[in-house]
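From first to last, the protein sequence lines are chains A and B.
One gets my numbering by counting positions in the first sequence from 1 and adding 11 to each.
One gets my numbering by counting positions in the second sequence from 1 and adding 1 to each.
Glycine is no exception: its CB is placed at the ideal position from the N, C-alpha and C atoms.
On a predicted model such as this, the values are computed, not experimentally measured, just so you know.
Below is one structure; the comments refer to it alone.
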Amino acid sequence: LHSEFDPVIMSAGPTRSTTTPLESVAPTLLQRLSGGDQSALGEFYDLYAGLVNGIALRILRDATEAEDVVQEVFVQVWRQAARYDPGRGTPEAWICTMTRTRALDRLRRRAARREEPGDAAPGQSAAPKAEEAIAVRKALDGLSAEQRHALELAYYEGLTQSEIAKRLDEPLGTVKTRIRTAMIRLREALEPLP
Amino acid sequence: MREERLRELAPLAALGLLDGEEAAAFAEAAARSPECRRDLEAFERVVGLISLAAPPRGPDGE
């Protein structure tokens, strides 16, 4: 099943129709998890650990801290699987949000301690679904440099709107509009993705 | 806040950028308006997808 793709995430690519789509596997796993099935946690981990680690590493730029986030996220998945609501988004979006929240919390705590980031250890994260990743990158490239920059400050540095405005030395309204426009353009560009 | 104006907050809400009054107003709007919820979900999906394009960066940026 996993042979042609990164073992972590397997549903992308031209052979999608012949593999089991991730989006049909993950909700079932979550159901099993909320029923207390521990083996489901291992399978869920295999699917998403690379993605979670990649996001955490990108935000934190510290391999050890990223690993801590991975642990925390999967503990949270185990505890809160029953709370997952399919109506609120895909399991992937759910776990991405969890990861971002935890990684950004750490980033803020680190900033509060005035610590410098440690050495990053790039490269070991899972390759995300290739086709989707390319589409997303293309969509991001379609944004203006200003839009992308404002979005990155929100996404990867977890800055508030006011902090972004200050950093960019732009009025708050301009920053809001920029981020909103960027998100609308991304939404349009990414609509065709499954 | 007018409905239109509230829906405009959806992309910012998906990024977790709202706070205080705006956050409360938007949460209330999302609770009562299916369109608002759909918008929020669509933008949350975008937020999830952005992470796919993110190869980890080295300590010195891109």
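Among the residues of chain A, those whose CB is under 8 Å from the CB of Gly49 (chain B) are Gly100, Thr101, Glu103, Ala104, Cys107 and Thr108, following chain order. In this structure, the CA atom of Leu154 (chain A) is about 11 Å from the CA atom of Val147 (chain A). Taken atom to atom, the span from the alpha-carbon of Trp89 (chain A) to that of Glu9 (chain B) is near 34 Å. With a contact defined as Cβ atoms closer than 8 Å, Leu118 (chain A) and Ile70 (chain A) qualify at about 6 Å. Residues of the stretch 185-198 of chain A whose Cβ lies closer than 9 Å to any Cβ of chain B, in chain order: Lys187, Ile190, Arg191, Thr192, Ala193, Met194, Ile195, Leu197 and Arg198. Chain A places a beta carbon closer than 7 Å to that of Pro12 (chain B), counting this residue as a contact. For the pair of segments examined, the stretch 102-118 of chain A was found to touch the stretch 40-54 of chain B: the number of CB pairs separated by less than 8 Å reaches three. Taken in chain order, the whole alpha helix (DSSP H) runs of length 4 or more contained in the stretch 24-61 of chain B are 35-51. Counting the other CB atoms within 10 Å of its CB gives Leu151 (chain A) a total of 16 or more, which places it among the buried residues. A contact between stretches requires three or more CB pairs, one per stretch, nearer than 8 Å, and the stretch 156-175 of chain A meets this requirement with the stretch 186-197 of chain A. For Leu7 (chain B), the nearest beta carbon of chain A is not closer than 7 Å to its own beta carbon.
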